[in-house]
Amino acid sequence: MNEQAATKDISDEIAVQINGMHKWYGDFHVLKDINLTVNAGERLVICGPSGSGKSTLIRCINRLEEHQQGDIIVDGIELTDDLKHIDAVRREVGMCFQHFNLFPHLSVLENCTLAPIWVRKTPKKEAEETAMEFLEKVKIPDQANKFPGQLSGGQQQRVAIARSLCMKPRIMLFDEPTSALDPEMISEVLDVMIDLAETGMTMLCVTHEMGFARKVAHRVIFMDQGEIIEQNEPEEFFHNPQSDRTKLFLSQILDH
Amino acid sequence: MSTATVSSTDQGFSLLRLWRNKESRSVIIQIITVAVLFAFFAFLISNAATNLERIGKNYNFAFLWEASNYDISQTMIAYTSQSSNFQAMIVGILNTLMVAIFGIITATLLGFFMGVVRLSNNFVANRMVYCVIEFIRNVPVLLHIVLIYGIVVNVLPHPKAAMNLADTFFLSNRGLYFPAPEFGDAFIFVTISFVAGIIGAFLFARHAHKVQDDTGKALPVFWASLGFIIGLPVVVYFISGMPLEWIPATQGKFNLKGGMPLKPEFLALWLALSVYTACFIAEIVRAGIVAIDYGQTEAAHALGISSGRSTQLVIIPQALRVIIPPLTSQYLNLTKNSSLAIAVGYMDIMGTIGGVSLNQTGREMECMTIVLVLYLAMSLMISAFMNWYNSRIKLVER
């Protein structure tokens, strides 16, 4: 995907806006003065050494973690203690986890229809049709009646992506979606994510897959010790890193 | 077989070779086990037979049909001291079943409640329940039974000065007296409407399920069921002219008369078994819920499912599969612990056929056989039911 084509599908509409956000775990200052604006249709890759706060950052966006200072506005809704706002945001924001977190007592199809039925009040038949559509998109419609325990890791993660998409979210968050997978399964998940990117979905991905970042990201963000150190277009980011910490990180993950 | 071909150079039959083979070794071990067990039981039976013969006793159950010659204070069927030992046994079975069923119900409700409170963020409630659990479950259940019995009999007032709630309920050292129901002829309509209500609630739940499948709307199943099962009979009750009267006990000079009493023996056994077992169930429930990965809750939240719904749809179904097997053990424990009834003279299986009947007839072999078979049958039935339930909710794995 060349740069012009890539930047073209970003709209002026703001999907996520974070202003001066801080977060502490007890005394530990995990996120320090985060300022970030993501436009609708934009695809972000967030990277950084472990413990840098990148997972915590995207988990704040759907309020799986609470921030203590600053504002987070998602799709025009400000995240506060108001449960109604939180539910509204969560309906529009999908998320994939490192360990998939599929519901083991439900079949693949039921995993995909649970939230549409109970949250969106979709009729079961319609929800199942939508689910089958997305299971086809992630290339496992034939596993619909199996249980998560019967699938491989890569298949499970693809089901998890389909499950999120069934809620028709406007923003997708990925929290290290390939870190728990065997090497030969990583590409099947990345392929699905690339397909998703081509539909113009707003995506925030925490990942160490630099090939994926090069291919689909509009912007790469580098975090260390709770701060955003550097952000740039992928080409610039990889070939011309500005800070020493970014250089060190890139040399560690690329040179081997 | 591969092992055979490997050692095919070693021609000829030898025991050592059979012993080395995985399959034949397991067959040999099974044959030896069965033989040893058989010999052991043959010894026990022949030993019992010779000893019985030596003291001039035989093994027969004719005594069951002879008069028992003792009274029982709490009976659910007609029974006098002229009734047979067999009828005494039936009284014992019913009393055991009653305390076991009541105990299992209250222990389960109380246990689930305490288990959930132990997980709450309310520090005071959490610690309080923790202390109660640790105190109760670390004291022998026999002590609880005797303690509660002691409180009922020694601390509560004499019937003449019974604690009196609105002339309806009386609590004294003779037990807790409820008013006895007296059914009018028209009460049959209330019963019918109650049954109809249950059927109605069932049909409504099915209808609601279908509506949700078709249109996505979730109907208020809980409130509608409540209306059907409780509301309908109440309406019919008033329309049919209130054909049910509650007749409370009256305070006589020495004792309470009439009413529906829960005797001190039953109260002590029931309460003690309930709270004791509830403490174990609370820990089982807590463990079952804690065992579910927090990622499950997070995934449900991330999909926009509310906290209550995620507990109902995601956590409880998974926790149950962890909870059911140890819960079964607790039900079995409670049922068998109910034989401690003998400490306070509650006439259960152990008190009747395994107690007074045995002492009066001297038929210890027969009585103990009956007691053993009865407890075994009850326990196996509970196990079978719980296993069936467990297999319905278990996870499909690879």
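Residue numbers (the numbering used here), protein chains in the order written: chain F, 1 to 256; chain V, 1001 to 1398. The C-beta atom is built at its ideal place from N, Cα and C for all residues, glycine as well. Here the structure is a predicted model, which is why all the values come from computation and not from measurement.
Item to check | Below-8 Å beta-carbon distance, Ala-1299 (chain V) vs any chain F residue | outcome: Chain F has a Cβ within less than 8 Å of the Cβ of Ala-1299 (chain V).
Item to check | Neighbour flag for His-105 (chain F) against chain V, beta carbons, 8 Å | outcome: Yes, His-105 (chain F) counts as interfacial toward chain V.
Checklist entry - Among F:Ala-180, F:Leu-173, F:Met-132, F:Asn-35, which residue has its Cα nearest to the Cα of Val-159 (chain F)? => result Of the candidates F:Ala-180, F:Leu-173, F:Met-132, F:Asn-35, the one whose C-alpha sits nearest the C-alpha of Val-159 (chain F) is F:Met-132.
Checklist entry - Can you find a CB in chain F that lies within less than 8 Å of the CB of Arg-1309 (chain V)? => result It does; some Cβ of chain F falls within 8 Å.
Checklist entry - What's the gap between the Cα of Pro-979 (chain V) and the Cα of Gly-1259 (chain V)? => result Nothing about residue 979 (chain V) can be reported from this structure: the residues present for chain V run from 1001 to 1398 only.
Checklist entry - Taking the runs of the alpha helix (DSSP H) that are 4 residues or longer, which of them lie wholly in the region 9-80 of chain F? => result List check, alpha helix (DSSP H) in window: 54-61.
Item to check | Presumed contact (8 Å Cβ cut-off) between Ile-1289 (chain V) and Leu-1119 (chain V), rounded CB distance | outcome: Their Cβ separation, rounded to whole angstroms, is 6 Å, which keeps Ile-1289 (chain V) and Leu-1119 (chain V) in contact under 8 Å.
Item to check | Cutoff 8 Å: Leu-248 (chain F) Cβ touching any chain V Cβ | outcome: No, Leu-248 (chain F) lies away from the interface with chain V (no Cβ there is under 8 Å from its Cβ).
Checklist entry - Quick one: what's got a C-beta closer than 8 Å to Ile-1382 (chain V)'s C-beta in the same chain, skipping five residues either side? => result Only Thr-1328, Tyr-1331, Leu-1332, Thr-1335 meet the Cβ criterion.
Item to check | Residue span of the beta strand (DSSP E) that contains Gln-231 (chain F), given as start and end | outcome: Its beta strand (DSSP E) spans residues 227-232.
Item to check | Reduced DSSP secondary structure (H/G/I, E/B, other) of Asp-1185 (chain V) | outcome: If DSSP states are grouped into helix, strand and coil, Asp-1185 (chain V) belongs with coil.
Checklist entry - Which ranges does the alpha helix (DSSP H) cover as unbroken runs of at least 4 residues, wholly within the region 1196-1226 of chain V, from first to last along the chain? => result Segments of the alpha helix (DSSP H) lying fully in the region 1196-1226 of chain V: 1221-1226.
Item to check | For Glu-259 (chain F): DSSP bridge partner residues | outcome: Here chain F comprises residues numbered 1 to 256, so residue 259 (chain F) is not present and cannot be evaluated.
Next on the checklist: Any beta carbon of chain V sitting closer than 8 Å to that of Asp-142 (chain F)?
Outcome noted: Not an interface residue.
Checklist entry - Considering only C-alpha positions, which residue in the set F:Leu-109, F:Ala-115, F:Asn-39, F:Ser-11 is nearest to Ala-1302 (chain V)? => result The shortest Cα separation from Ala-1302 (chain V) among F:Leu-109, F:Ala-115, F:Asn-39, F:Ser-11 belongs to F:Ala-115.
Checklist entry - For the region 117-131 of chain F, which residues have a CB atom closer than 9 Å to at least one CB atom of chain V, in sequence order? => result Residues of the region 117-131 of chain F with a Cβ closer than 9 Å to any Cβ of chain V, in chain order: Ile-117, Trp-118, Val-119, Arg-120, Lys-121, Thr-122, Pro-123, Lys-124, Lys-125, Glu-126, Ala-127.
Checklist entry - At a Cβ threshold of 8 Å, is Arg-1398 (chain V) touching chain F? => result Any reading at Arg-1398 (chain V) must be qualified, since the residue scores a pLDDT of 44, below 50, and its modelled position is unreliable; no value is offered.
Checklist entry - Residues in its own chain within less than 7 Å of Trp-1270 (chain V) by CB, not counting five upstream and five downstream? => result Closer than 7 Å at the Cβ level, and outside the excluded window around Trp-1270 (chain V), lie Val-1099, Phe-1102, Gly-1103.
Checklist entry - Is DSSP giving Val-1139 (chain V) helix, strand or coil here? => result Val-1139 (chain V): coil per DSSP, three-state reduction.
Next on the checklist: If contacts are defined as beta-carbon pairs under 8 Å, then His-67 (chain F) and Met-95 (chain F) qualify, I think. What distance do you get, rounded to the angstrom?
Outcome noted: Between His-67 (chain F) and Met-95 (chain F), the beta carbon gap of about 17 Å keeps them out of contact (Cβ cut-off 8 Å).
Checklist entry - Since Ser-1306 (chain V) meets chain F, which of its residues come closer than 7 Å, beta carbon to beta carbon? => result Near Ser-1306 (chain V) (Cβ distances below 7 Å), the residues of chain F are Asp-87.
Item to check | Host alpha helix (DSSP H) of Gly-153 (chain F) (start-end) | outcome: Residues 153-165.
Checklist entry - Which word fits Arg-1025 (chain V), buried or exposed, when buried means at least 16 other C-beta atoms lie within 10 angstroms of its C-beta? => result By the Cβ-count criterion, Arg-1025 (chain V) is exposed, with fewer than 16 other Cβ atoms from all chains shown falling within 10 Å of its own Cβ.
Item to check | Residue interval of the beta strand (DSSP E) (run including Pro-241 (chain F)) | outcome: Looking at the DSSP string, Pro-241 (chain F) is not in any beta strand (DSSP E), and its letter there is neither H nor E.
Item to check | Ile-1133 (chain V): CB within 7 Å of a non-hydrogen atom of the ligand NAP | outcome: Looking at this structure, you won't find the ligand NAP or any other ligand, since it has none at all.
Next on the checklist: Rounded to the nearest angstrom, what separates Asn-35 (chain F) and Ser-1225 (chain V) at their Cα positions?
Outcome noted: Near 52 Å, if we compare the C-alpha coordinates of Ser-1225 (chain V) and Asn-35 (chain F).
Checklist entry - What's the C-alpha gap between Gln-1318 (chain V) and Ser-107 (chain F)? => result So the two alpha carbons sit approximately 13 Å from each other.
Next on the checklist: Applying the 10 Å Cβ sphere with the 16-neighbour rule, what's the burial state of Cys-166 (chain F)?
Outcome noted: Residue environment: Cys-166 (chain F) is assigned as buried (16 or more neighbouring CB atoms within 10 Å of its CB, all protein chains considered).
Item to check | Under 8 Å between C-beta atoms of Ile-72 (chain F) and Ile-86 (chain F) | outcome: Judged by beta-carbon spacing, Ile-86 (chain F) lies beyond the 8 Å limit of Ile-72 (chain F), meaning their Cβ atoms are not closer than that value.
Item to check | Closer than 8 Å to chain F by CB, Gly-1295 (chain V) | outcome: Yes, because at least one Cβ of chain F sits closer than 8 Å to the Cβ of Gly-1295 (chain V).
Next on the checklist: Please confirm whether Ser-1007 (chain V) has its beta-carbon closer than 8 Å to some beta-carbon of chain F.
Outcome noted: Note on Ser-1007 (chain V): pLDDT 48, under 50, position unreliable in the model; the coordinate value appears next. False, the Cβ-Cβ gap to chain F never drops below 8 Å.
Checklist entry - Nearest CA to the CA of Leu-190 (chain F): which residue from F:Arg-43, F:Thr-199, F:Asp-182, F:Pro-177? => result Between Leu-190 (chain F) and the set F:Arg-43, F:Thr-199, F:Asp-182, F:Pro-177, the nearest pair of CA atoms involves F:Pro-177.
Next on the checklist: Taking the beta strand (DSSP E) that Ile-1077 (chain V) belongs to, which residues open and close that run?
Outcome noted: From DSSP, Ile-1077 (chain V) is part of no beta strand (DSSP E); its letter is neither H nor E.
Checklist entry - Nearest chain V C-beta to Phe-97 (chain F) closer than 8 Å, yes or no? => result When Cβ-Cβ separations below 8 Å define contact, Phe-97 (chain F) makes contact with chain V.
Item to check | 3 or more residues per run - each beta strand (DSSP E) lying fully within the region 1239-1303 of chain V | outcome: Entirely contained in the region 1239-1303 of chain V, the beta strand (DSSP E) runs reaching 3 residues are, in chain order, 1244-1247, 1260-1262.
Checklist entry - Within the 8 Å Cβ cut-off, does Leu-114 (chain F) reach chain V? => result Interface residue, yes.
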